[in-house]
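For reference, the structure is listed below as structure tokens.
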Amino acid sequence: MHELQQLPKHLDWCERGFCVPSWNQHVPQYCGSCYAHGAMSSAQDRIKLLNTRRKYTGADVMLGRQSFLNCAPGHGLSFGCDGGEAQDVYEFMRRYGLPDESCLPYNATDHTKFTTTGNSTCPPIGYCMNCMYTPTSTKTPHCFPVTNVVRYRAKSYGHLSGELAMMKELMTGGPITCGIACSREFTYEYKAGILEDKTGFMDIDHDVEVVGWGEESGTKYWHVRNSWGTYWGMNGFFKIVRGKNNLGIEADCAFIEPDISDEELVWEEKPIYGGSIFGIVPFKEDAKDHVIKDTTKDIPHVDDQVLKARYLPDDVGPFTSESKGHEGTTSFIAPAIMFFTYGCVCATLAAVFITKFRGHRDVYRAIP
Numbered sequence: 001m002h003e004l005q006q007l008p009k010h011l012d013w014c015e016r017g018f019c020v021p022s023w024n025q026h027v028p029q030y031c032g033s034c035y036a037h038g039a040m041s042s043a044q045d046r047i048k049l050l051n052t053r054r055k056y057t058g059a060d061v062m063l064g065r066q067s068f069l070n071c072a073p074g075h076g077l078s079f080g081c082d083g084g085e086a087q088d089v090y091e092f093m094r095r096y097g098l099p100d101e102s103c104l105p106y107n108a109t110d111h112t113k114f115t116t117t118g119n120s121t122c123p124p125i126g127y128c129m130n131c132m133y134t135p136t137s138t139k140t141p142h143c144f145p146v147t148n149v150v151r152y153r154a155k156s157y158g159h160l161s162g163e164l165a166m167m168k169e170l171m172t173g174g175p176i177t178c179g180i181a182c183s184r185e186f187t188y189e190y191k192a193g194i195l196e197d198k199t200g201f202m203d204i205d206h207d208v209e210v211v212g213w214g215e216e217s218g219t220k221y222w223h224v225r226n227s228w229g230t231y232w233g234m235n236g237f238f239k240i241v242r243g244k245n246n247l248g249i250e251a252d253c254a255f256i257e258p259d260i261s262d263e264e265l266v267w268e269e270k271p272i273y274g275g276s277i278f279g280i281v282p283f284k285e286d287a288k289d290h291v292i293k294d295t296t297k298d299i300p301h302v303d304d305q306v307l308k309a310r311y312l313p314d315d316v317g318p319f320t321s322e323s324k325g326h327e328g329t330t331s332f333i334a335p336a337i338m339f340f341t342y343g344c345v346c347a348t349l350a351a352v353f354i355t356k357f358r359g360h361r362d363v364y365r366a367i368p
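In terms of UniProt numbering, the numbers along the sequence shown are unbroken and rise by one, the last being 368.
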């Protein structure tokens with residue numbers, strides 16, 4: 001309780017400008033990929049924090065949802081549109097990395113569409129592809145797989161639970177992903193305000209992104225992003241009472257430490273790939289010289305020697321002194337780091353919660 005009282009009453013990464021655009025998992029058709037959307041949303045926002053730290057102000061990174069749905073199930077990670085867990089996404093990123101969404105548009109399908117492979121595994125075009133004229137096809141454009149792309153990886157990831165642990169991770173690392181039980185009120189009736197379920201419903205079957213917390217008229221709340229489009233809730237977001245594990249929101253959460261070392265090589269102008277079709281250097285060689293293997297097994301494992309910096313930008317902290325205007329600095333950064341360091345014991349407690357409460361995360365089920 002003492003630690004909670006010393007934390008700020010309000011923190012919101014979206015208000016600070018670190019939230020990338022929202023998605024809708026159910027367009028162009030129904031797909032139970034809430035876990036992928038929740039996990040990637042928090043990863044993207046944390047990547048934006050890392051990019052701000054290194055003074056990069058370019059376009060937001062939107063990770064390849066379709067690349068994951070196509071390829072991850074074949075590697076034993078998730079069931080595609082039939083559900084999964086945030087850890088499936090982060091483990092795929094750790095092993096293979098994810099390209100950005102320019103590789104493939106999201107079409108709300110999964111690995112089962114690849115009937116030609118015989119076992120629904122991911123062919124090379126399922127990870128990343130391009131369609132264009134090439135030196136060997138000057139009359140007619142053709143589509144072909146691309147594997148030499150910038151991949152966003154996971155240096156590490158983990159689970160946590162409880163109000164204090166969530167607040168510490170949010171403050172020091174950025175947005176997190178949490179499971180939630182989709183009650184009738186939440187699914188069909190929520191419009192605005194602070195939601196508080198009174199039925200005791202705790203059947204966690206959905207994943208969302210927690211972007212911050214606050215307090216209104218004495219009521220503590222979490223600020224959360226959903227993945228049902230911006231026409232749901234408050235422009236795609238909602239608030240839910242904090243400190244009560246309402247709808248299980250505090251029982252099963254996950255975080256990621258992104259690895260953006262591939263992207264850093266690009267901005268350092270180091271041509272590590274060949275061909276403009278890969279977005280790095282001018283295209284000079286014939287397309288047939290770029291060997292493309294026929295499975296995601298060729299995707300290399302990420303090295304552990306990557307970024308060591310924490311996410312919180314040195315000059316863009318979440319708490320600024322209003323009396324100093326835009327140049328104000330925070331007195332909360334040091335306590336934040338201290339609380340994070342001494343609060344690692346929460347990981348052990350989180351494991352107990354997770355073992356008890358975690359289950360296969362599908363999507364919300366219609367409530368009769």
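Glycine included, each C-beta is placed from N, C-alpha and C at the ideal position.
Query raised in the report: Of the residues A39, F18 and G84, which one's Cα is nearest the Cα of R53?
Result: F18
**Report entry** Continuous alpha helix (DSSP H) stretch holding G173: start and end
**Finding:** E163 to G173
Query - Check whether D262 and H37 have beta carbons under 9 Å apart - result: no
Query raised in the report: For D205, which residues does DSSP report across the bridge?
Result: Answer by DSSP bridge pairing: none, since D205 is not bridged.
Requested in this report: State the DSSP-derived secondary structure class of M62, mapped to helix, strand or coil.
Outcome: coil
Requested in this report: Taking only the alpha-carbon atoms, compute the straight-line gap between M234 and N107 and give it to the nearest angstrom.
Outcome: 25 Å
Query raised in the report: How is P28 classed by DSSP in three states: helix, strand or coil?
Result: coil
Query raised in the report: Do you know offhand how far A159's Cα is from V266's?
Result: The residue asked about is misnamed: residue 159 is His in this sequence, not Ala. Going by the C-alpha atoms only, they are around 31 Å apart.
Query raised in the report: Taking buried to mean at least 16 other C-beta atoms within 10 Å of its own C-beta, is P99 buried or exposed?
Result: buried
Report task. Ignore the nearest five residues each way along the sequence and tell me which others in G212's own chain have a CB closer than 6 Å to its CB. Result -> L11, D12, W13 and H223
Requested in this report: Grab me the residues of N70's own chain with a C-beta within less than 6 Å of its C-beta, minus the 5 sequence neighbours each way, in chain order.
Outcome: H111, C122 and G126
Query raised in the report: DSSP beta-bridge partners for V210?
Result: I176 and V224
Query - Straight-line gap, P28 to P105 (C-alpha atoms, nearest Å) - result: 11 Å
Requested in this report: Name the residue from G84, A86, H75 and Y35 whose alpha carbon lies nearest to the alpha carbon of R95.
Outcome: H75
Report task. Report the residue from F237, G248 and K239 whose alpha carbon sits nearest the alpha carbon of G200. Result -> G248
Query raised in the report: Tell me which same chain residues have a C-beta within less than 8 Å of the C-beta of W228, skipping the five on either side of it?
Result: N24, Q25, H26 and G236
Query raised in the report: Is the beta carbon of K239 less than 9 Å from the beta carbon of L170?
Result: no
Query - Spatial neighbours of E209 in its chain, beta-carbon cut-off 7 Å, leaving aside the 5 residues before and after - result: G38, S41, S42, P175, T177, V224 and R225
**Report entry** Buried versus exposed call for Y35 [16 or more other C-beta atoms within 10 Å across all chains shown]
**Finding:** buried
**Report entry** Per DSSP, cross-strand counterpart(s) of residue 425
**Finding:** Only positions 1 to 368 of the chain appear in this structure, which leaves residue 425 out of reach.
**Report entry** Residue environment, L4, which counts as buried when at least 16 other CB atoms sit within 10 Å
**Finding:** exposed
Query raised in the report: Which term fits Y231, buried or exposed, when burial requires 16 or more other beta carbons within 10 angstroms of its beta carbon?
Result: exposed
**Report entry** Identified DSSP bridge partners for I194
**Finding:** K239
Report task. Figure out for me which residue from R16, P21, S22 and I47 has the closest Cα to the Cα of E257. Result -> I47
Report task. For the beta strand (DSSP E) containing N130, list its first residue and its last residue. Result -> M129 to T134
Requested in this report: Report buried or exposed for A72, applying the criterion of at least 16 other Cβ atoms within 10 angstroms of its Cβ.
Outcome: buried
Query raised in the report: For T219, which residues from the same chain have a beta carbon less than 7 Å from its beta carbon, with the 5 sequence-adjacent residues on both sides left out?
Result: I194 and V241
Query raised in the report: Where do the N-terminal and C-terminal ends of the alpha helix (DSSP H) with S42 fall, by residue?
Result: C34 to R53
Query raised in the report: Helix, strand or coil: which one does DSSP assign to S67?
Result: helix
Query raised in the report: Around the C-beta of Y133, are 16 or more other C-beta atoms found within 10 angstroms, so that it is buried, or is it exposed?
Result: exposed
Query raised in the report: For Q66, which residues from the same chain have a beta carbon less than 7 Å from its beta carbon, with the 5 sequence-adjacent residues on both sides left out?
Result: L104, P105, Y106 and N107
Query - Inter-residue spacing [alpha-carbon to alpha-carbon] between S22 and M62 - result: 10 Å
Query - Pairwise C-alpha distance: D259 and G80 - result: 24 Å
Requested in this report: Would you mind reading off the limits of the alpha helix (DSSP H) that contains H2?
Outcome: H2 to Q6
Query - Alpha-carbon spacing of E101 relative to Q87, whole angstroms - result: 20 Å
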